[in-house]
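Right, one structure below, let's go through it.
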Amino acid sequence: MPQWDVLVAGGGNAALCAAIAAARAGCRVLIVEGAPKFYRGGNTRHTRNMRCAHDHATDTLTGPYSEEEFFDDLMRVTGGNTDQDLSRMMIAQSKPMLDWIQQQGVRFQPSLGGTISLGRTNSFFLGGGRSMLNALYRTAQGLGVEVRYEHEVVALDIEKGHFRSATVRHPAGTETITAASFVAACGGFQADFDWLKEGWGGKAENFLIRGTPNNRGTVTRMLIDQGVRQIGDPSQCHAVAIDARAPRYDGGIITRLDCVVLGVVVNQNAERFYDEGEDIWPKRYAIWGRLVADQPGQQAYIIFDAPNIERFMPSLYPPISDPTLAGLARKLDLDPVRFEETITGFNAAVIGGRPFDTNHKDGNTTRGLAIDKTNWAQRIETPPYYAYPVRPGITFTYLGVKVGHDARMLMADGTASDNMFAAGEIMAGNVLGQGYAAGIGMTIGSVFGRIAGQEAAKHAA
Amino acid sequence: MPHSTPALTEADRLMTVCNSCRYCEGLCAVFPAMEMKRAFTDGDLNHLANLCHACGACYHDCQFAPPHEFDVNVPQVLAQVRAESYAQYAWPAAARPVFARHGQVLVLGMIVSFALFLAGFVLASDPGALWAAHREPGRFYALMPHNAMIALFGAAFGWMVLAVAMGARAFWRDSGASGVLAGDHGAAGRDAARLTYLDGGGPGCFNEDDMPKDRRRLWHHLTFYGFLLCFAATSVATVYHYALDRPAPYAWWDLPALLGIAGGIGLVIGPLGLLDAKRRRLAALRATPHEGMEYGFVVVLLVTGASGLGLRILGETGMLGPLLALHLSAVLTFFLTAPYGKFVHGLYRYLALARYARDMRRAHDS
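So the protein sequences, as listed, match chains A and B. Our numbering applies: residue 8 is where the first sequence begins, and numbers increase by one. Our numbering applies: residue 34 is where the second sequence begins, and numbers increase by one.
See the structure below:
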């Protein structure tokens, strides 16, 4: 007889939802979390909201968000690169999730200052992701779930798709843990730079990891090596442009920059490379990580002028500024002549003339540039001039394990595992073939976590 | 922006981090107030520090709290700034060093005034009266005449009001709180009376660990309302004395006595709860150099409440004299040291809430 009914690898939102669902079904549940207690929960610590469909406005949501609209948003950001049946199921399950997650102690609040455009679609956690996580831990532990920190899964004993045991390393040594069901909810592999290089080559050296340094994908690798079907390719991830001065790991939300639409973005050759006015934040913020990753040195610079300095959410590091464009270029180590040409050329092409409004596409465009800015085009002409250096900031990777509607892992040979389930980033690639929509990572974690816990419990019964 | 102390400089750094995150916006008034600014003067930071009720929620909710390299500990740094702000604004300036030694000053004040009251009782009346006053018709007025009490405590109380008001005025000016309307005061009064922001945004607040089970709000209510009831008891007694010609002592069922008994119970249980909570408080949330002031203030309240109750219970015995000396010395020490210790927190927090109400109203109107 196994020691536990359900063993959960990981300690974030997906893991806790699975553990709580299984414990509520009467199971003896063990969570093994690789991180120490403070760092528990991987990237959930850094989250702030989840995207769930809902029929009506609530105390904290400003209006309805239908399943259809959610699905359309997902299709748009992924370019259709999603398992449509699975995504529709997840979106349908996101509706009851709003109530369920609150029943587990999580509290919501209206959208945060500066994020008004998400107020209808996304439910914000009171106190942020760590607060949400703390609530889930309190609930899980109240249900008798045992949590062991600094317990990292280092080996899995799987036979023909059947989980037998996991070997866990902890400060006092290693031990083997048996369980009737296994839930893998231990994140992506974004902190493993060697794996990132399989998708990105040497460019990955210049990436920053926005969250936990613990997500190295070791369990993902073990599962795939032992016959679980892989989904996604190693270059796909949720990546945004963040301040290049951020620490290599765990800089979180405060290093992000919401000012792309206010100016222009140039690369190290002092040239623009993409339409900064394509759509409003937050609809397109998640494309800039990949765009910058394709630039020389994986670095770029957001450039704007004085009137815009308070038009976006503040961030941790102050902007680099100078009273002249040439002076700014020198501080950024860019060719001043080339830089001035780019900015003056841009200014000359601005048509503008409409009221500047970042809440909607305002139709202020440039005309005649190789790459026009199609909204919010305004001349960069009032000193001081400002710049933020940016690099790709990886939130999480999409390559993972294939699952079915019951969150059960599917094997490379086409069969289904009988007692292995996955939830969260480790299976996000099933929903996200590419692209990202704010708050969807938590939806994937909660919905599939809950299902994984319920199904794991059924198998253990 | 340069700041006058290391704590203010650290608070500025933290507000830059927090303003870039804003996850704690729903927890209390501090973070919405912060979001209205991008740069912070000393006055702004003192305002934010006094808005903070030390509920601890943002420490446990923060993904950047220590041991994270960003080292964000808002409750501890704001507690430090808050304590320093009491000294910074105190009047007269010569008394500011008292804050650093508040605990010792309190103990010394209690001992000296207790001794003086005892000596006074013995010298001013029959030496045997100290242990026999309960048999006299005037009871404690046999030890200290009513007019002498009024003169001494009236003067001490007047001093306290003046000094506290001068400090509050300096705080008020520095935090730039012009244009506060009656409605803002109403909102601030409600928030202060209910301790709206001592609950972590709804789930409760934190003290010794990461469970939101703290009961400081209850202890504080008992202490604060107990204090007010005691103050009301004394005020009603004064009215009785002068307007109705009904001098003390009063029977247990009479209004001054009922108010005093209820207040005294609150002023014993509340401070005991607060002291216990302080003792168990998570080390990471403490502003250690200022704990003497924190403990001392609560202890003086406790001695005031307990000796007052003691007078009610043991006033018919030979303990009347010593208990009266203890009670009067506690009250006198309280009055004289109030402008230079934790007492001012209530007023500064109220004023910070009033400015917050003004700022929210303006933000809403614009």
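Note that beta-carbon positions come from the ideal geometry of N, C-alpha and C, so glycine has one too.
Candidates the options: closest to residue i by CA position
i: ARG95(A); options: PRO178(A), THR65(A), LEU105(A), CYS59(A); result: CYS59(A)
i: GLY299(B); options: LEU334(B), VAL107(B), PHE97(B); result: LEU334(B)
i: ALA173(A); options: GLY209(A), GLY136(A), LEU140(A), VAL226(A); result: VAL226(A)
i: GLU432(A); options: ARG176(A), GLY86(A), GLY194(A); result: GLY194(A)
i: ASP420(A); options: GLN237(A), VAL272(A), GLY452(A); result: GLN237(A)
i: LEU68(A); options: ALA28(A), ARG114(A), VAL39(A); result: ARG114(A)
i: TYR324(A); options: ILE401(A), LYS210(A), ARG252(A), GLY460(A); result: ARG252(A)
i: GLY161(B); options: PRO355(B), THR271(B), GLY297(B); result: PRO355(B)
i: GLY360(A); options: ALA463(A), GLY126(A), ARG386(A); result: ARG386(A)
i: ALA290(B); options: LEU342(B), VAL105(B), ASP278(B); result: LEU342(B)
i: ALA396(B); options: LEU41(B), MET69(B), VAL63(B), ARG46(B); result: MET69(B)
i: TYR392(A); options: PRO220(A), GLY19(A), SER188(A), PRO326(A); result: PRO326(A)
i: ASP401(B); options: HIS86(B), GLU58(B), ARG46(B); result: Summary: the structure shown does not reach residue 401(B), with chain B confined to residues 34 through 399, and so no result is reported for it.
i: VAL438(A); options: GLN110(A), GLY334(A), CYS244(A); result: CYS244(A)
Chain-ordered neighbours of residue i on chain A, where CB pairs are closer than 9 Å
i: ARG71(B); result: ILE316, GLU317, PRO321
Span of the alpha helix (DSSP H), counted from its first residue to its last, around residue i
i: CYS54(B); result: 39-54
i: PRO304(B); result: 288-313
i: THR267(B); result: 249-276
i: VAL226(A); result: 225-232
i: MET449(A); result: 447-467
i: TYR92(B); result: 90-94
i: MET434(A); result: MET434(A) -> no alpha helix (DSSP H), and no H or E assigned at all.
i: ASN56(A); result: Here ASN56(A) belongs to no alpha helix (DSSP H); instead the beta strand (DSSP E) covers 56-58.
i: ALA422(B); result: Outside the displayed range of chain B (34 to 399) lies residue 422(B), so it cannot be described from this structure.
i: ASN141(A); result: 135-149
i: ALA112(B); result: 107-121
i: VAL145(B); result: 135-157
Beta-carbon neighbours of residue i, restricted to chain B and to distances below 7 Å
i: LEU143(A); result: Within 7 Å Cβ-Cβ: nothing; LEU143(A) doesn't reach chain B, min ~13 Å.
i: ILE261(A); result: VAL50, SER53, CYS54
i: SER138(A); result: ASP94
i: GLY120(A); result: ARG55, GLU58, GLU68
i: ASP90(A); result: Near ASP90(A) there are no residues of chain B at all, since even the closest Cβ is about 31 Å away, more than 7 Å.
Chain-ordered chain B contacts of residue i [CB-CB under 8 Å]
i: HIS53(A); result: GLN96
i: GLN109(A); result: None at all; the shortest Cβ gap to chain B is about 12 Å.
i: PRO254(A); result: GLU102
i: LEU133(A); result: GLY59, LEU60, GLY234, GLY235, PRO236
Extent of the continuous beta strand (DSSP E) to which residue i belongs
i: THR183(A); result: 180-191
i: PRO396(A); result: 392-404
i: PHE311(A); result: 307-312
i: SER172(A); result: 169-177
i: ALA16(A); result: 11-16
i: PHE132(A); result: 129-132
i: ASN274(A); result: 271-274
i: ASP329(A); result: 327-329
i: MET416(A); result: 415-417
i: ALA248(A); result: 244-250
Partners in chain A for residue i, counting only beta-carbon separations shorter than 7 Å
i: ALA316(B); result: Per Cβ cutoff of 7 Å: no residues; ALA316(B) is ~15 Å from chain A at best.
Beta-carbon separation (whole angstroms), residue i vs residue j, contact threshold 8 Å
i: ALA310(B); j: ASP242(B); result: ALA310(B) to ASP242(B), Cβ: 12 Å. No contact.
i: ASN371(A); j: ALA384(A); result: 5 Å
i: GLY306(B); j: TRP252(B); result: 3 Å
i: PHE64(B); j: ARG71(B); result: No, PHE64(B) and ARG71(B) are not in contact; Cβ-Cβ is about 14 Å, not under 8 Å.
i: THR404(A); j: GLN197(A); result: 5 Å
i: LEU195(B); j: THR366(B); result: Not confirmed; about 17 Å, so no contact.
i: ALA445(A); j: LEU125(A); result: 6 Å
i: THR450(A); j: MET57(A); result: 5 Å
Neighbour list for residue i in chain A, Cβ cutoff strictly below 8 Å
i: ALA90(B); result: GLY134, SER138
Listed by chain order, chain B residues near residue i by CB distance under 9 Å
i: ARG114(A); result: GLY59, GLY234, GLY235, PRO236
i: ASP257(A); result: GLN96, PHE97, HIS101, GLU102, PHE103
Heavy atom of the ligand SAM within 7 Å of residue i beta-carbon
i: GLN441(A); result: By its list of ligands, the structure shown contains no ligand whatsoever, and the ligand SAM lies outside what it can speak to.
According to a CB-to-CB cut-off of less than 7 Å, which residues of the segment 25-54 of chain A neighbour chain B? Legend: CB atoms of the segment 25-54 of chain A lying less than 7 Å from CB atoms of chain B belong to residues PHE45, ARG52, HIS53.
According to a CB-to-CB cut-off of less than 9 Å, which residues of the segment 235-268 of chain B neighbour chain A? Close to chain A, meaning a Cβ-Cβ distance shorter than 9 Å, are the following residues of the segment 235-268 of chain B: GLY235, PRO236, ASP243, MET244, PRO245.
Pull out every residue of the segment 410-434 of chain A whose Cβ sits closer than 7 Å to any Cβ of chain B, in chain order. Hits within the stretch: zero.
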